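Undergrad: Handing you this structure, nothing more for now.
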DNA sequence: CTGCGCTGCCAATACGTATTAGCAGCACAA
DNA sequence: TTGTGCTGCTAATACGTATTGGCAGCGCAG
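Chains as they are written, first to last, in the numbering used here: chain A, 22 to 382; chain B, 22 to 382.
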C-alpha cells in the first residue's frame with residue numbers, strides 16, 4: 022500500500038505541469054528508457070508484460086501525452102507533410118487537399134498548408150525544410166517555380182504533373198480532352214473552340230492535346246482565332262468567350278481546360294444573350310461543385326480530385342516510411358498502383374446539346 | 022591563414038549532411054553558443070560586430086538552416102498554429118483560412134490544417150497539443166464540439182463565435198440580418214421567408230435575429246411555415262425552397278442564412294420555373310465567389326471572410342507573443358481593435374427586386 | 001561448479017538548439 | 001597597485017525523447 026504524494030493528487034491535476042516520460046517512469050517504478058520503450062512506437066521492444074502494464078497504467082493516470090517535438094528531434098523526422106498549393110481559394114485544389122488531409126491525418130501525420138498566392142513557393146519550402154518536414158506534396162505550379170535542388174533531401178510527390186525526377190500521381194488528362202471532343206463531335210458540332218491557360222502546366226496541355234488530336238482525326242479545322250489562352254479562372258473564361266463570340270464563323274461548341282474557365286464562358290454567353298445550349302455548347306473539365314450550381318448545369322469531364330489528393334498522400338507516405346533504395350516487392354507494387362493514371366469520365370449536363378440545325382438520331 | 026578541411030570543400034557540398042550551428046561555429050572559429058547568439062532570434066544579444074560578421078559569413082557559406090524542431094524543444098514553443106475547420110470544401114471557410122494563412126506565414130508561423138469532416142475535433146486537438154502547438158484557431162463548429170478543458174493550456178481564438186472563455190473575432194451578424202430585412206422591406210415585400218441551419222451557431226442565430234427583429238419592428242408576421250431549418254448547404258437550400266414554394270400565401274422574398282443555402286434556393290426556383298427576381302427575391306449572406314457566378318447573380322450581405330481570418334490570426338499571435346497576464350496598454354488596445362465586430366455590407370445584385378405588383382418610386 | 005545463452009532492465013548518450021552563469025580581458029578611477 | 005565595472009565570449013546544462021551497449025539474473029547443459 023502506498024500513499025500518493027500529499028502535494029498533489031495525480032489524477033486531478035493532469036493538466037497543470039507538462040508530464041513527461043520521466044514522470045511516468047517514476048510513478049511506474051521503472052527507468053526512463055523502459056517507459057520510453059513501452060510508450061514509444063516500437064512494439065518490437067522486449068518488455069515484460071507486467072512492466073508494460075504498470076507503465077501504461079501510470080501513463081493513463083498522469084494523462085501522459087508524448088511530446089512529438091522531442092521525438093522528432095531525436096528521430097530526425099517530424100511526422101508532418103507539407104502541401105504547397107497555387108491558390109487556397111481554387112475549389113479543385115481544395116478538393117485535392119481535402120483528400121490528402123484525410124489520409125495524412127488518419128496516418129498520424131500533420132499537414133502544413135502553404136499558399137503560393139501569398140508567398141512564393143521557395144519561401145514556403147524554406148520554412149518546411151527548417152521544420153524537418155518528412156515530405157512535400159507539390160502541385161504543378163509549385164513544381165514549375167521551384168529550382169530542383171531546393172528540394173534535395175526531401176521526399177516529393179507531384180500532383181498531376183509528370184517528372185522523371187520525382188514520383189507523382191497523374192490523371193488521364195489526354196482522355197479528358199478526347200472525351201470532350203468525342204462528345205461534341207457526336208452532337209454534330211463541326212466549328213469548335215478551345216480555351217486554356219497560358220501557363221505551361223502539363224495536365225492542361227494534355228487535355229488540350231487530347232481535344233486537338235481527336236478533332237484532327239475527325240478532319241476538323243482548328244484555326245488559331247478559336248484557340249484562346251487566358252488565365253485559368255472565371256475572368257479568363259469571360260474574356261475568352263467574348264473574343265470567341267466575335268469570331269466568324271462563330272464556334273457552336275467550346276471546350277474549356279477547367280471548370281472555372283467554363284463557368285466564366287457560360288456567364289459571358291448569358292450576359293451577351295447567347296442561347297446555351299441552343300446556340301452554343303460549353304464543356305468544362307474538373308467537375309467542381311460549382312459546375313452543378315450554375316444554369317445551365319455544366320457538362321464537364323470529372324477529375325477525381327479527392328482521390329487524387331488521397332493517392333498522392335499515400336504515395337508520399339510510402340516513400341517516407343520505406344526510404345530504402347530497394348524496397349520490398351509488395352511496396353513497389355503498391356507504388357506502381359498509386360502511380361497509375363486516374364481515370365476520368367464525362368458528365369453530360371445541360372450546357373451541351375446538339376449543334377444548331379442538327380437533328381440527332 | 023587557415024586551410025579548409027581537405028575532406029570537403031564547404032561551399033560545394035552544402036546539401037550532403039545536415040549542417041548545424043556547431044559546424045558554423047567551427048568554421049567561424051567561435052563557440053557554439055556564440056554562433057547560436059548570432060543566428061538565434063534574439064537581436065538583443067551582445068556580440069562584437071566583427072564576430073557577428075564572421076558567423077554570418079560562415080553560415081552563408083555552409084548554407085546553414087536552423088532546425089526549428091530543436092529550437093521548439095528548448096523554447097517550448099513550436100512556432101506553429103493549428104486551424105480546425107468544419108469542412109475544407111466550404112468556400113467561405115477556405116476564404117477565412119486563406120486570410121489566416123497569409124498572416125501566419127508572414128509572421129514565420131506554420132499552419133497545421135485540420136478538417137473536422139474527416140476526424141472529430143477532439144482527435145485533431147490531441148495531435149496538435151502533442152506537437153506543442155502555440156495556438157489554435159477554432160471555428161464555431163469546433164468550439165461547440167470540444168470539451169472546454171481539452172483546450173486548457175493552449176491559446177485559443179474563436180472565429181465569429183462569442184465566448185466568455187476565449188477571445189474571438191466577431192462579425193456584425195445582427196446587422197447582416199437587419200440589412201437583408203431592410204432591403205427587402207424597401208422593395209415592398211411583405212410576405213417574407215427565412216432559411217437557416219438547424220445547428221446552434223451563434224453567428225447564424227444573430228443573422229436570424231437581426232432579420233426577425235427588423236420584420237417585427239415593421240409589423241410583419243413571421244409564421245413558422247415560412248421559417249425553415251435545414252442543413253446549411255446547397256441541398257438544404259433546395260429542400261427549404263421546395264417547401265416554401267408550397268406555402269400559401271407564398272413568400273415573395275426569402276433571406277437565407279448563408280450563400281450556399283441561398284444558391285440552393287435559387288436553383289430550386291429555376292427548377293420549378295419560378296421567376297427570379299420577378300416572382301421571388303432571394304438574399305444570401307457571406308458573398309462567396311459563387312454568388313456572382315449563378316444566374317441571376319445573388320444579392321447577399323458580404324462578410325469579409327479573408328479579413329476575418331487575418332484578424333483572428335493576428336489576435337492569436339498577440340496572445341502567443343505576449344503571454345503576460347497584464348500586458349502593455351498598446352497591446353491591449355491592439356487586441357481590442359482586433360476584437361471589434363467586422364462590418365458587413367449589402368451587395369444588391371440580380372436575385373432581388375421589387376415585390377410583385379409594387380412600383381418603386 | 002562452470003560456462004553459455006537468453007531475457008529484462010538500466011546507464012549513458014545523442015539529437016540541435018537556447019540560456020544561465022561565469023570567466024577572462026580591458027579601461028578607468030582611486 | 002588594487003578595486004570596480006563593463007564587454008565579449010565560453011563551459012555547462014537543459015529541453016523530452018530514442019537508442020546503443022552492457023549488466024545482472026536465470027535456466028540449462030556440460
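Ideal Cβ placement from N, Cα and C applies to all residues, glycine included.
In this text, all values refer to a predicted model and were calculated from it rather than measured experimentally.
If we define contact as Cβ-Cβ less than 9 Å, is residue 116 of chain B a contact residue for chain A?
TA: yes
Undergrad: Identify every residue that forms a DSSP beta bridge with residue 218 of chain B.
TA: Answer is B/251, bridged to residue 218 of chain B.
Undergrad: Report yes if the C-beta distance between residue 372 of chain A and residue 320 of chain A is below 9 Å; otherwise report no.
TA: yes
Undergrad: Does residue 88 of chain A have its Cβ less than 9 Å from a Cβ in chain B?
TA: yes
Undergrad: Taking Cβ-Cβ distances shorter than 7 Å, what residues in chain A pair up with residue 139 of chain B?
TA: Listed along chain A, the residues sitting closer than 7 Å to residue 139 of chain B by beta-carbon distance are 122, 123 and 126.
Undergrad: Strictly below 8 Å CB to CB, what residues from chain A border residue 110 of chain B?
TA: 112, 115, 116, 119 and 310
Undergrad: Taking the beta carbon of residue 62 of chain B as the centre, do at least 16 other beta carbons fall within 10 Å, making it buried, or is it exposed?
TA: exposed
Undergrad: To which residues of the same chain is residue 68 of chain A closer than 6 Å at the C-beta, ignoring the five residues directly before and after it?
TA: Taken in chain order, the residues that qualify are 58 and 59.
Undergrad: Shortest alpha-carbon distance to residue 117 of chain B belongs to which of A/70, A/141 and A/109?
TA: A/109 is the residue among A/70, A/141 and A/109 whose C-alpha sits nearest the C-alpha of residue 117 of chain B.
Undergrad: Cβ closer than 8 Å: which chain B residues qualify as neighbours of residue 153 of chain A?
TA: 88, 89 and 90
Undergrad: Using a Cβ-Cβ distance cut-off of 9 Å, determine whether residue 40 of chain B contacts chain A.
TA: Put simply, the CB of residue 40 of chain B is far from chain A, with every gap to its CB atoms at 9 Å or more.
Undergrad: From residue 171 of chain B to residue 185 of chain A, what distance separates their C-alpha atoms?
TA: Between the alpha carbons of residue 171 of chain B and residue 185 of chain A lies a distance of about 46 Å.
Undergrad: Mind checking residue 237 of chain B: buried by the 16 CB within 10 Å criterion, or exposed?
TA: A residue is called buried once 16 or more other Cβ atoms fall within 10 Å of its Cβ, and residue 237 of chain B, having fewer, is exposed.
Undergrad: When the Cα atoms are used, what is the spatial distance from residue 363 of chain A to residue 112 of chain A?
TA: The straight-line gap from Cα to Cα measures roughly 19 Å.
Undergrad: Grab the span of the alpha helix (DSSP H) containing residue 280 of chain B for me, first residue to last.
TA: 280-292
Undergrad: In whole angstroms, what separates the C-alpha of residue 22 of chain B from that of residue 44 of chain B?
TA: For residue 22 of chain B, the pLDDT reaches just 31, beneath the cut-off of 50, and the residue's location in the model is therefore unreliable, although a value from the coordinates is still provided. Roughly 19 Å separates the two Cα atoms.
Undergrad: If I follow the unbroken alpha helix (DSSP H) through residue 146 of chain B, where does it start and stop?
TA: Under the DSSP assignment, residue 146 of chain B falls in the alpha helix (DSSP H) whose first and last residues are 142-151.
Undergrad: Measuring only between beta-carbons, confirm whether residue 99 of chain B sits less than 9 Å from chain A.
TA: yes
Undergrad: Among B/99, B/100, B/95 and B/47, which one has its Cα closest to the Cα of residue 80 of chain B?
TA: B/47
Undergrad: Since residue 194 of chain B and residue 227 of chain B should fall inside the 8 Å C-beta cutoff, what is the C-beta to C-beta distance between them, to a whole number of angstroms?
TA: 4 Å
Undergrad: List the residues that DSSP assigns as beta-bridge partners of residue 302 of chain A.
TA: A/274
Undergrad: Helix, strand or coil for residue 347 of chain A, going by three-state DSSP, please let me know.
TA: In the displayed model, residue 347 of chain A falls within coil according to three-state DSSP, outside both helix and strand.
Undergrad: For the putative contact between residue 152 of chain A and residue 95 of chain B, defined by C-beta atoms under 8 Å, what is the C-beta separation to the nearest angstrom?
TA: No, residue 152 of chain A and residue 95 of chain B are not in contact; Cβ-Cβ is about 15 Å, not under 8 Å.
Undergrad: I'd like the list of long-range same chain contacts for residue 211 of chain A, defined as Cβ closer than 8 Å, with 5 residues on each side in sequence excluded.
TA: A distance below 8 Å between beta-carbons, with the five flanking residues on each side excluded, links residue 211 of chain A to the following residues of its chain, in chain order: 241, 273 and 376.
Undergrad: Is residue 97 of chain B helix, strand or coil when you go by DSSP?
TA: In this structure, residue 97 of chain B counts as coil in the three-state DSSP scheme.
Undergrad: Using the C-alpha atoms, what's the distance from residue 297 of chain A back to residue 19 of chain A?
TA: The structure shown does not extend to residue 19 of chain A, since chain A is modelled only from 22 through 382, so no value can be given for it.
Undergrad: Looking at residue 251 of chain A and residue 163 of chain A, is the spacing between their C-beta atoms short of 9 Å?
TA: no
Undergrad: Which value, in whole angstroms, describes the spacing of the CA atoms of residue 213 of chain B and residue 201 of chain B?
TA: 11 Å
Undergrad: Within 9 Å (strictly less), CB to CB, does residue 284 of chain A reach chain B?
TA: yes
Undergrad: What does residue 136 of chain A touch in chain B if you count any residue whose Cβ is under 8 Å from its own?
TA: Near residue 136 of chain A (Cβ distances below 8 Å), the residues of chain B are 119, 122, 123 and 126.
Undergrad: If the cut is a Cβ gap below 7 Å, which residues of chain B does residue 131 of chain A touch?
TA: Under the 7 Å cutoff, chain B gives 133, 148 and 152.
Undergrad: Would you mind telling me which residues of chain A sit closer than 9 Å to residue 291 of chain B, beta carbon to beta carbon, in chain order?
TA: Chain A residues near residue 291 of chain B: 316.
Undergrad: On the CB-based measure, 16 or more other CB atoms within 10 Å of its CB, does residue 204 of chain A come out buried or exposed?
TA: buried
Undergrad: What in chain A is Cβ-close to residue 77 of chain B, meaning under 9 Å?
TA: Correct list: empty, because the minimum Cβ distance to chain A is about 17 Å.
Undergrad: On the three-state DSSP scale, how would you describe residue 132 of chain A?
TA: Note: residue 132 of chain A maps to strand in three-state DSSP.
Undergrad: Whose C-beta lies closer than 8 Å to the C-beta of residue 78 of chain B among residues of the same chain, with five residues either side of it excluded?
TA: Closer than 8 Å at the Cβ level, and outside the excluded window around residue 78 of chain B, lie 49.
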